[in-house]
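This report refers to the structure that appears directly beneath it.
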Amino acid sequence: ALDNWRKEGKREDLLTNLDLNLKATDWLNITYRAGLTSKSINERNSSKGELPTQGGLDRGFSLIQGAIQERSYKNTRLSSEAFATFNKAINEDFKVNGNLGTYLRQNDIRDTRVGASNLVVTELFNVGNRTGELSGTSPRSRSRLFSLYASAGVGYKGWANLEVTGRQDKTSLLGLNNNTFFYPGVSGSLVLTEAIGALKNKNTVSYLKLRGAWNKTGNADINPYLLAATFSQPLGFPFGSLPGYTANNTTYDANLEPEFIETIEAGIEAGFLDGRINLEATYYNQNNDNQIIPISVSSATGYTSANVNAASFINKGIELDLKLTPLVKLGGVNIEFRANATLSDSEIKSVYEGLNELAIGGFVAAGNFAIKGSPAFVIKATDYLRDPQGRIIVNATTGFPTTDPNTKTYGRTLPKWILGLNPSASWKGISFSTLLEYKGGHYAYHGIGSDMAWTGVSAATAQNNRERFVMPNSSINTGTAEAPVYVANTSVAVSNTNDFFIGAFNNTASNFLTSAAAWRLREASLGFAVPQRFLAKQGVIKGMNIALTGRNLFLWVPKTNEFQDPDFNFTSENTAGISDSQINPPTRIFGGNVTITF
446 ALDNWRKEGK REDLLTNLDL NLKATDWLNI TYRAGLTSKS INERNSSKGE
496 LPTQGGLDRG FSLIQGAIQE RSYKNTRLSS EAFATFNKAI NEDFKVNGNL
546 GTYLRQNDIR DTRVGASNLV VTELFNVGNR TGELSGTSPR SRSRLFSLYA
596 SAGVGYKGWA NLEVTGRQDK TSLLGLNNNT FFYPGVSGSL VLTEAIGALK
646 NKNTVSYLKL RGAWNKTGNA DINPYLLAAT FSQPLGFPFG SLPGYTANNT
696 TYDANLEPEF IETIEAGIEA GFLDGRINLE ATYYNQNNDN QIIPISVSSA
746 TGYTSANVNA ASFINKGIEL DLKLTPLVKL GGVNIEFRAN ATLSDSEIKS
796 VYEGLNELAI GGFVAAGNFA IKGSPAFVIK ATDYLRDPQG RIIVNATTGF
846 PTTDPNTKTY GRTLPKWILG LNPSASWKGI SFSTLLEYKG GHYAYHGIGS
896 DMAWTGVSAA TAQNNRERFV MPNSSINTGT AEAPVYVANT SVAVSNTNDF
946 FIGAFNNTAS NFLTSAAAWR LREASLGFAV PQRFLAKQGV IKGMNIALTG
996 RNLFLWVPKT NEFQDPDFNF TSENTAGISD SQINPPTRIF GGNVTITF
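Numbering (our numbering), first residue to last: 446 to 1043.
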């Protein structure tokens, strides 16, 4: 495969920014910002063809012709923002501040692909070297967002603050009746150590602040052109001079509405021992309403899915942040320690009218579901048929278990606990820091385990030296189907291990379901500040720092997870808890940088 299938190309990223500031008065500033982000990909996918083995020829397989596809992709994001900020003291006690601004964003995407699947000359990878028609697509999309926003705040003696905000968005992703929406917010804080002088003592409590907020956020989380029927050219067309087009499989709804998130937040910030110990604690409660979700519809309608406003769920939790600066300060050695922790929970309040659950994604044997009354979201997967004691029921003759056709709910797919640890140390210009992370309380399904069982390369297939074995924790029905009597199985072995692993074992998703908990060394860095005495003889370079970095260095998972990093999938971070075998192994990244100050 490595010699035959190739992908080569180049990616170019362009980042530009413009920032203009005007100080109109002592209390008024006017700012304009513009930015352009562009990503361009030019790549070639090629195959020089394959000749079947003699066994394949004997079974009627023929030569697979060489193929090539040229791709040109460009994603451009243009943003423009203008705003005015004011900050003015009314008197010695009161200060007011605020801003008023406008924001515009435009996204353009073009993805052109041209290919030929019947190359005449082997390894001459040119779309002109072909027989038959060229294949190709050239989708383009454009979306715009226009916003107006404002905020106003008042402060009293620096220890009491109140702010109100408001924003109105207009998006091209929604219909004319629903594309404009407004969302407000309010927040306040109180520094108790400033308000009540008796509380402040740098040897004990050096800082104490209470804060709270309520805000509402609107969004349109859909792709462009989902409000009207769209058509594309199906495989096999044009057929000679005959064109053909097919409708999109997702039905459209011109009346889709924006989704909203309403958040209540309360927190406390405290500093002790003259700022050496700093602690922050935050409680949040988010009500996600009118969420845009895909649902399945009867194919008799001409479509297979639809986007609807339906889902509603609550997300709440506690966030903690601890800073010990410094933890140790002895001579020239300075050690600091930072830690953060998040405990989160959620509950689905509704999915869609008349439904208690909704499939979000995954496979037939294992999928991610939104179930009313359960966390967002949970895994449902197939398991073996079991007796009332939880033992696996096997056939009294073959020793084979049977996969239960009904899926079972196992657990949440988003982490319940997240912990970060960030110790650092410095000594005479040498610095070292690490970042460790833990995620736990959730589950993941590893589709690669099923594929490995099918091909016989998983650890499970090598157990018992590939000999026949008695299914662990199994039972046999010695009664009838109508009046079953289950007894422990101690002697009936599986009749054929190969059939077992490519059959019942491979088809039962619970065999590949594990805890998604993981400890990982997310990052480590070692830095060195070049002493000034080495730079003193020249007057150009004022300072130099050298650093070595490493990311995603080590991973520790439970022994039951013999498959893969639970955070990685073939598309992106595996927040759905479902992965397959179309993945590249996670990579360790090593790098370095030199920073010179003139």
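By construction, the Cβ of each residue, glycine as well, lies at the ideal position given by its N, Cα and C atoms.
Item	Value
Kindly indicate the opening and closing residues of the beta strand (DSSP E) around residue 1078.	It is not possible to answer for residue 1078, since the shown part of the chain is limited to 446 through 1043.
By DSSP's criteria, residue 988 is part of a beta bridge. Which residues make up the other side?	1042
Unbroken beta strand (DSSP E) runs of length 3 or more, entirely within the stretch 449 to 485: which are they?	450 to 468
Within 10 angstroms of the Cβ of residue 875, are there 16 or more other Cβ atoms? Answer buried if so, exposed if not.	exposed
In whole angstroms, give me the CA-to-CA distance for residue 1036 and residue 995.	6 Å
Using 7 Å as the threshold, is the C-beta distance between residue 758 and residue 722 below it?	no
When you compare each of 553, 975, 598 and 602 to residue 584 by their alpha carbons, which one comes out closest?	553
Among 468, 448, 487 and 467, which one has its Cα closest to the Cα of residue 458?	487
Residue 859 and residue 867: beta carbons closer than 7 Å?	no
Looking only at DSSP bridge pairs, what is residue 781 linked to?	869
Just to confirm the assignment, what range does the alpha helix (DSSP H) spanning residue 947 have?	942 to 947
Return yes when the Cβ of residue 669 is within less than 7 Å of the Cβ of residue 586, no when it is not.	yes
If I'm right that residue 614 touches residue 663 with Cβ under 8 Å, what's the distance once you round it to whole angstroms?	6 Å
Identify the residues that DSSP records as bridge partners of residue 1037: which are they?	993
Counting C-beta neighbours from all protein chains within 10 Å, is the total for residue 846 16 or more, i.e. buried, or is it exposed?	buried
Can you list, in chain order, the residues of its chain whose CB lies under 8 Å from that of residue 999, leaving out five sequence neighbours each side?	965 and 966
Can you pull the DSSP bridge partners for residue 890?	958 and 1023
For residue 611, collect the residues of the same chain with a Cβ closer than 6 Å to its Cβ; drop the 5 residues on either side in sequence, then sort them by chain order.	595 and 629
Name the DSSP bridge partner or partners of residue 803?	815
If residue 713 and residue 654 are in contact, beta carbons under 8 Å, what's the gap, nearest whole angstrom?	7 Å
Distance, Cα to Cα, residue 461 vs residue 697?	36 Å
In chain order, what residues of the same chain have a beta carbon less than 8 Å from the beta carbon of residue 779, not counting five sequence neighbours either side?	771, 773, 870, 871 and 872
In or out: residue 827 buried (at least 16 other Cβ within 10 Å) or exposed?	buried
Assuming the contact rule is C-beta atoms closer than 8 Å, residue 992 and residue 970 should be a hit. Round their C-beta distance to whole Å, please.	6 Å
On the DSSP bridge list, what partners appear for residue 615?	591 and 625
Beta-carbon within less than 6 Å of residue 521's beta-carbon, same chain only, minus the 5 sequence neighbours each way: which residues are those?	483 and 553
How far does the alpha helix (DSSP H) with residue 638 in it reach, from first residue to last?	637 to 640
Considering only the beta carbon of each residue, do residue 888 and residue 855 sit closer than 7 Å?	yes
Pick out whichever of 877, 623 and 921 has its Cα sitting closest to the Cα of residue 833.	921
With a threshold of 16 other CB atoms inside 10 Å of the CB of residue 1024, please say whether the residue is buried or exposed.	buried
Does DSSP put residue 604 in a helix, a strand or coil?	coil
Return the CA-CA distance between residue 840 and residue 937, expressed in angstroms with no decimal places.	9 Å
Using only CA atoms, which one of 707, 726 and 884 lies nearest to residue 734?	707
Here's a check: name, in chain order, each residue in its chain whose Cβ is nearer than 6 Å to the Cβ of residue 933, leaving out the five neighbours to either side.	920
Identify, in the order they occur along the chain, each residue of the same chain with its Cβ nearer than 6 Å to the Cβ of residue 555, setting aside the five sequence neighbours on each side.	519 and 585
Quick check on residue 829 - is its C-beta less than 7 Å from some C-beta in chain B?	Here chain B cannot be found, since the structure has a single protein chain.
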